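Since the structure comes first, as structure tokens, the remarks are kept for the end.
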Amino acid sequence: MNEVLNNTPGLVSRLVNGVLAVKPIANLAKHQARKMMVKRAEKIGVYWTKEVQTLQARDWETDLAGVQNPHLIYPDYYLRSFHAYETGNLSWQAAFEVESAAYAVHANIWPGSAAQGDPKLRQSYHDILKKQIPHEPQDILDLGCSVGMSTFALQNVYPHARMTGVDLSPYFLAVARYRMQQQHYKINWLHAAAESTGLRDASFDLVSIFLVCHELPQLATQNIFAEARRLLRPGGFLAMMDMNPKSEVFKKMPPYILTLLKSTEPYLDEYFSLDIEQALIDLGFNYPTITANSHRHRTIIAQI
């Protein structure tokens, strides 16, 4: 496979990187980014603080034991700070807050959407899947499934499909397991790296990657695509939805906002400079389709 690596960010982005290299400034930016998210969530009726307190009051021992692989070795890229958490996704705090954060982040995608912005974004992705994938998939894999928001949404779209969710955070998967029991889903949760799942060859019709790749270095993304290729049956589809690097929103983002964003997303430069289409073609996928599903997101679908 040809390397598709280009890590050179633009001038403004390089300046922001320089600012964030100063640790006290980086910590302040993370604090401000987090504060902004909590405030926005509470404003739109997503009661972040109350929800976290409710989740903290539970005994999570059984849920964690039900999903955790104690022998898993975490890749180095996953062990650094991101999303304003020093331990990244390897904490209960991150797991308890991710749902509220999703509603807050997506509140302003469409004017006036508020708390409906997140489900509307997911629906826009699913509408594209339904239009471009002619047959209903029977086995679906959700890579980087987090606490299951994307997995449950896919199950609703394809109610007869067998669903598997894979994530590196056992804390996220414990919350996903709890939410599954609340909503009476039947989903297989797997604590594993998306680039090395250990699942059988050619065992899925659809592999979905929802808002994951912007959190990864380029090599990890390429390896995940290769794993998806291995796991797909002939004629199967890989679908991903994520930020659109060509969006005017990101091109014209004020330096202050960009600083806050990059303080919580350390691999953003690598994601923005990765030629995803070529990476997929190099792995043997057909030429992918790219569809804008918001003014700052895109859906990429490739078939084998």
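My numbering applies: residue 619 is where the sequence shown begins, and numbers increase by one.
Where a beta carbon is used, it is the ideal one built from N, C-alpha and C, also for glycine.
Quantities reported herein were computed from a predicted structural model and do not represent experimental measurements.
Reference residue i, options the options, closest by Cα
i, options, result
"ALA794", "PRO852, GLU883, TRP678", "TRP678"
"GLN734", "SER718, ILE746, ILE918", "SER718"
"ILE766", "PHE855, LEU747, TRP807, ARG818", "The identity of residue 766 in the sequence shown is Gly, whereas the question assumes Ile. Nearest of PHE855, LEU747, TRP807, ARG818 to GLY766, Cα basis: TRP807."
"LEU711", "GLY730, TYR789, LYS738, PRO752", "It is worth fixing the name first, because residue 711 is Gln in this sequence and not Leu. With distances taken between Cα atoms, GLN711 lies closest to TYR789."
"ASN904", "ALA683, SER865, SER699, ALA857", "ALA857"
"ILE922", "PRO863, LEU850, SER865", "LEU850"
"ASN862", "GLN686, THR917, LEU837, MET655", "THR917"
"GLY684", "LEU898, ARG848, LEU791", "LEU791"
Inter-residue Cα distance where the pair is residue i and residue j
i, j, result
"VAL867", "THR680", "43 angstroms"
"GLU715", "VAL670", "6 angstroms"
"LYS870", "ASP887", "15 angstroms"
"VAL640", "LYS653", "Since pLDDT at VAL640 reaches only 44, below the 50 mark, its modelled position is unreliable, and the value read off the structure follows with that caveat. Answer to the nearest angstrom: the Cα atoms are 20 angstroms apart."
"TRP666", "ASN726", "17 angstroms"
"MET798", "ILE805", "7 angstroms"
"PHE843", "TRP728", "30 angstroms"
"LEU829", "THR909", "15 angstroms"
"ASN707", "VAL784", "14 angstroms"
"LEU638", "ALA820", "Below a pLDDT of 50, predicted positions are generally treated as unreliable, and LEU638, at 42, falls in that range; the measurement from the model is reported next regardless. Their backbone Cα atoms lie some 43 angstroms apart in a straight line."
"ALA713", "TYR889", "23 angstroms"
"ALA920", "ALA675", "43 angstroms"
"ASP900", "ALA771", "30 angstroms"
"THR815", "GLU845", "8 angstroms"
"ASP823", "HIS809", "21 angstroms"
Contact under 9 angstroms by Cβ, residue i with residue j
i, j, result
"ASN911", "SER742", "yes"
"TYR935", "MET781", "Examination of residue 935 is not possible in this model, given that the chain is present from 619 through 922 alone."
"SER891", "SER826", "no"
"PHE761", "ALA812", "Note that residue 761 corresponds to Leu in the displayed sequence, not to Phe. Their beta carbons are under 9 angstroms apart, which means LEU761 touches ALA812 by this criterion."
"ASP736", "HIS724", "yes"
"VAL664", "ALA702", "no"
(request) Decide yes or no for the touch test of the segment 771-780 against the segment 829-841: beta carbon pairs closer than 8 angstroms, at least 3 of them. (result) no
(request) Starting from the N-terminal side, write out each stretch of the alpha helix (DSSP H) that is 4 residues or longer and does not extend beyond the segment 776-838. (result) 788-801
(request) Pair every Cβ in the segment 750-760 with every Cβ in the segment 691-700, then say whether three or more of these pairs are closer than 8 angstroms. (result) no
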